[in-house]
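Notes to accompany the following structure.
Number of protein chains: 2
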Amino acid sequence: MVVADDIQALRHLALLGGLDGQVRISSQRLGDLLGTSAQTASRRLIALEDQMLITRTVRADGQFVTITRQGEDILKEEYAQLCQIFEERSGEYLLEGTLIDGLGEGAYYVSLPGYVSQFKELLGFEPYPGTFNLRLASPAIEMRKKIDTHGWKRVDGFTDHERTYGGCRVLACSIENISCAIIVPGRSHYPEDIIEIIAPVRLREKLGLSTKDNVCVTVHYDD
Amino acid sequence: MVVADDIQALRHLALLGGLDGQVRISSQRLGDLLGTSAQTASRRLIALEDQMLITRTVRADGQFVTITRQGEDILKEEYAQLCQIFEERSGEYLLEGTLIDGLGEGAYYVSLPGYVSQFKELLGFEPYPGTFNLRLASPAIEMRKKIDTHGWKRVDGFTDHERTYGGCRVLACSIENISCAIIVPGRSHYPEDIIEIIAPVRLREKLGLSTKDNVCVTVHYDD
DNA sequence: ATTACTAAAAGACGAGTAA
DNA sequence: TTTACTCGTCTTTTAGTAA
Chain A
8 MVVADDIQAL RHLALLGGLD GQVRISSQRL GDLLGTSAQT ASRRLIALED
58 QMLITRTVRA DGQFVTITRQ GEDILKEEYA QLCQIFEERS GEYLLEGTLI
108 DGLGEGAYYV SLPGYVSQFK ELLGFEPYPG TFNLRLASPA IEMRKKIDTH
158 GWKRVDGFTD HERTYGGCRV LACSIENISC AIIVPGRSHY PEDIIEIIAP
208 VRLREKLGLS TKDNVCVTVH YDD
Chain B
8 MVVADDIQAL RHLALLGGLD GQVRISSQRL GDLLGTSAQT ASRRLIALED
58 QMLITRTVRA DGQFVTITRQ GEDILKEEYA QLCQIFEERS GEYLLEGTLI
108 DGLGEGAYYV SLPGYVSQFK ELLGFEPYPG TFNLRLASPA IEMRKKIDTH
158 GWKRVDGFTD HERTYGGCRV LACSIENISC AIIVPGRSHY PEDIIEIIAP
208 VRLREKLGLS TKDNVCVTVH YDD
């Protein structure tokens with residue numbers, strides 16, 4: 008088992024071209040790159056050589072290093088892991104929260120024709136008049152921050168009978184395969200641990216849920 | 008500066024899905040993945056949390072972890088480095104060696120018509136009758152091992168006037184922009200620190216080199 | 001200028017333990 | 001079971017030095 012510190016050193020050597028030929032590097036410079044002393048960098052090089060991850064020619068005025076095939080394999084392994092992480096992602100974020108009672112005013116806003124027509128166009132459904140509110144635990148709050156820049160659609164505000172209704176943004180998501188959407192008001196600073204969801208059906212009923220039950224929301228993304 | 012051990016832990020959490028939602032993991036299991044004790048794994052998680060690279064909800068019977076955006080950035084940085092290493096490689100290996108005297112027999116073999124016709128077809132040139140021999144230092148020996156599986160072309164043996172001439176393999180390369188090729192006999196176990204090169208011209212003369220001078224050979228690859 | 005040793009200081013490790 | 005603390009040990013680090 009090669010320790011992480013050694014792999015880090017190996018990676019920097021590769022960055023300097025150690026995969027394609029010999030690279031001249033002093034312990035001092037490697038130390039700078041690794042954020043360690045020159046002594047430690049020197050020890051790293053010795054360790055890498057002992058593990059046959061590099062070969063060296065050391066002279067009094069410096070050293071030449073090249074990465075061996077085994078060293079290359081170690082790096083490839085790490086590369087493969089990161090490829091898996093970033094390229095073969097599931098394509099969905101999971102937000103978990105507990106169902107809470109809303110204030111009831113969501114039903115009013117959500118059913119206003121000026122919004123409904125836009126929901127239909129942007130989301131493909133006419134929402135059940137009411138919102139489904141979740142309180143997120145801290146891990147989910149983190150996920151929420153991540154989705155903040157992904158795939159939101161803008162719903163414009165409008166004026167009706169002398170009153171002005173603000174815009175908002177919606178993000179398509181799903182709960183147990185029912186298409187729905189997270190909705191957040193345009194300007195107001197919404198509490199970050201609460202999300203409001205609209206759906207074509209009454210989710211509480213359809214899913215047989217009541218206040219304080221756990222709910223998992225799936226947000227699909229593509230980037 | 009995030010230390011390598013922490014990044015390693017972060018990578019494993021990402022592999023478990025920590026980028027897309029919360030992942031449940033015990034210190035024991037993380038320790039198994041990292042090759043450390045559960046205590047150390049626990050410490051890693053605490054350190055990651057302190058650096059705000061993950062958020063956690065810890066309970067008496069386990070913990071849930073999700074990677075923060077900052078944590079994701081750290082991993083992306085590492086990923087970018089490895090991409091650079093493996094995807095934006097120069098496309099050439101560099102072998103450095105010192106010019107040595109050959110045995111003179113190379114000239115004879117290389118000019119045999121049975122070989123020459125194949126050289127012309129495979130390499131696009133008719134070699135100067137003589138070989139250019141290099142002794143490699145240990146870093147270059149390592150490079151030589153790497154190119155062992157890249158782009159060699161097979162030259163068949165033949166029989167002429169009751170004598171049999173063995174096959175060999177050639178690998179196109181260049182020395183100071185002069186196209187040439189490394190040639191190694193088919194079966195015999197060639198010393199690993201010596202390479203023999205053929206070229207359309209007399210390299211010693213064209214490059215103004217003499218015995219013991221340093222020479223840098225470039226091997227192009229594509230895979 | 002280098003590398004790499006030695007020795008002292010700092011830090012990390014895992015066993016045991018409590019909650 | 002868990003997590004995460006303390007504590008003694010051991011490893012790693014850095015400064016100093018020699019080559």
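Protein chains in written order, with our numbering: chain A, 8 to 230; chain B, 8 to 230.
Each residue gets a CB set at the ideal place from its N, CA and C atoms; glycine is no exception.
| Asked | Found |
| --- | --- |
| Beta-carbon proximity list for B:Ser33, same chain, < 8 Å, skipping 5 on both sides | Ala45, Gly69, Gln70 |
| Identified DSSP bridge partners for B:Gln70 | B:Val65 |
| C-beta atoms of A:Ile189 and A:Ile202 nearer than 7 Å | yes |
| Exposure of B:Tyr115, with buried meaning 16 or more beta-carbon neighbours within 10 Å | exposed |
| Near-chain B residues of the region 192-225 of chain A (beta-carbon distance less than 8 Å), N- to C-terminal order | none |
| Same chain, Cβ closer than 6 Å to A:Gln35, five either side skipped, listed in chain order | Ala45 |
| CB contact flag (B:Thr218, B:Leu106, <7 Å) | yes |
| Selection from A:Ser145, A:Asp12, A:Gly121 that minimises the alpha carbon distance to A:His168 | A:Gly121 |
| Nearest residue (CA-CA) to B:Leu17, options B:Asp39, B:Gly131, B:Thr73, B:Gly109 | B:Thr73 |
| Cross-chain neighbours of A:Leu82 in chain B, by beta carbon under 9 Å | Leu89, Ile92, Phe93 |
| Residues bridged to B:Glu103 [DSSP beta-bridge criterion] | B:Cys223 |
| Bridge partner(s) assigned by DSSP for B:Val117 | The partner list for B:Val117 (beta bridge, DSSP) is empty, contrary to what the question assumes. |
| is_contact[B:Glu149, chain A] using C-beta, thresh 7 Å | yes |
| As assigned by DSSP and simplified to three states, the class of A:Ala188 | strand |
| Residues of the region 42-60 of chain A with Cβ closer than 9 Å to any Cβ of chain B, in chain order | Gly42 |
| Exposure of A:Thr75, with buried meaning 16 or more beta-carbon neighbours within 10 Å | buried |
| Buried/exposed call for B:Val65, threshold 16 Cβ in 10 Å | exposed |
| Own chain partners of A:Arg194 with C-beta closer than 7 Å, once the 5 adjacent residues on each side are dropped | Gly173 |
| Option nearest A:Gly164 by Cα separation, candidates A:Arg176, A:His157, A:Ile154, A:Thr156 | A:Arg176 |
| Per-residue DSSP class, three states only, for B:Leu60 | coil |
| Contact between the region 81-96 of chain A and the region 17-32 of chain B (3+ Cβ pairs under 8 Å) | yes |
| Rounded C-alpha distance that separates B:Gly28 from A:Tyr228 | 13 Å |
| Best match in A:Gln77, A:Val208, A:Asp12 for proximity to A:Gly137 [C-alpha to C-alpha] | A:Val208 |
| Chain B contacts made by the region 124-146 of chain A, where a contact means CB separation under 7 Å | Ala144, Ser145, Pro146 |
| DSSP beta-bridge partners of A:Thr166 | A:Thr171 |
| Test: A:Thr171 CB closer than 7 Å to a CB of chain B | no |
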